[in-house]
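Chemist:
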Amino acid sequence: MHRHQDTLYIIMEYIPGISLGTAWPSLTEANKHSIVGKLRCIFDKMRALPAPRFYGGVNGGPVPHGYFWSLEKDPPITCPFQTAQEFAKVIALRSKSRWSDSNFRIFHSDFLHRHLPLSLRNYQPMFTHGDLWRENVLVRKVVNFVKNEEEYEVAALADWETAGWYPSYWEYAHVHPLLQWIDDWLEYVEKILDPLPLEAAMMQVVFNDLEF
Numbered sequence: 020m021h022r023h024q025d026t027l028y029i030i031m032e033y034i035p036g037i038s039l040g041t042a043w044p045s046l047t048e049a050n051k052h053s054i055v056g057k058l059r060c061i062f063d064k065m066r067a068l069p070a071p072r073f074y075g076g077v078n079g080g081p082v083p084h085g086y087f088w089s090l091e092k093d094p095p096i097t098c099p100f101q102t103a104q105e106f107a108k109v110i111a112l113r114s115k116s117r118w119s120d121s122n123f124r125i126f127h128s129d130f131l132h133r134h135l136p137l138s139l140r141n142y143q144p145m146f147t148h149g150d151l152w153r154e155n156v157l158v159r160k161v162v163n164f165v166k167n168e169e170e171y172e173v174a175a176l177a178d179w180e181t182a183g184w185y186p187s188y189w190e191y192a193h194v195h196p197l198l199q200w201i202d203d204w205l206e207y208v209e210k211i212l213d214p215l216p217l218e219a220a221m222m223q224v225v226f227n228d229l230e231f
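Those letters in the sequence shown? Residues 20 to 231, by my numbering.
1) What distance in whole Å lies between the Cβ atoms of P186 and A111, which are believed to be in contact at a cut-off of 8 Å?
2) Report the rounded CA-to-CA distance for R133 versus L205, giving the unit in angstroms.
3) Within 10 Å of its beta-carbon, does S119 have 16 or more other beta-carbons around it, so buried, or fewer, so exposed?
4) If I34 and A175 are in contact, beta carbons under 8 Å, what's the gap, nearest whole angstrom?
5) Should E168 be labelled buried (16 or more other beta-carbon atoms within 10 Å of its own) or exposed?
6) Around the C-beta of E190, are 16 or more other C-beta atoms found within 10 angstroms, so that it is buried, or is it exposed?
7) Excluding the five sequence neighbours on either side, which residues of its own chain have a C-beta within less than 7 Å of the C-beta of R153, listed in chain order?
8) Using a 10 Å radius around the Cβ and a threshold of 16 neighbouring Cβ atoms, would you call F87 buried or exposed?
9) Return the first residue and the last residue of the alpha helix (DSSP H) that R66 is part of.
10) From K166 to S53, what does the alpha carbon distance come to, in whole angstroms?
11) Given a cut-off of 7 Å on the beta-carbon distance, is the pair F146 and L27 in contact?
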């Protein structure tokens, strides 16, 4: 986006291809392995970027995720954080704020307040896309002239809205809340990102608390 005087411009680019979600049911095992291998290279390069000493937006600003949004731009909620423990504490604080008037859900918030900062405290900041699901991956068919056959290439990775510097568990763990568990997608996600099932389980608890 670019703002000039009173006008906000959104600059877009057309990239030929289809979503990986659309293509997935028709892909062979070889296609899937080839695509996730390419995605692994992309994410490995992203995650190897030199990290700053904070958790926040790419420009050094607030964490660009809804859990850290505040209408009043309250610094304890939105500001970049120095430690993963501070990062997790704010998620627990968000839960307490949301359920403060509930007679029952507050106990769930208390659980997060007690355990989330300790469970998710030892993780370094890492550049994170933040929304790895198949609809955000565009693929297209190309001809491999060496093998004389068609294969798929990754055309683009879309939806960078929440990208930033997050604790290293976030990319993998944040895939889980939106899983439908109807096919083998997670098996292939774990070839793109090293699996962190315990962290994913904790984030599922967070998602159930803050999204419903």
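All C-beta atoms in this analysis are idealised placements derived from N, C-alpha and C, irrespective of residue type, glycine included. Here the structure is a predicted model, which means the values were calculated and not measured.
Modeler: Well, looking at it:
1) Their Cβ separation, rounded to whole angstroms, is 14 Å, which puts A111 and P186 out of contact at 8 Å.
2) 30 Å
3) exposed
4) 5 Å
5) exposed
6) buried
7) S38, L39, G40, W43 and W204
8) buried
9) E48 to R66
10) 14 Å
11) no
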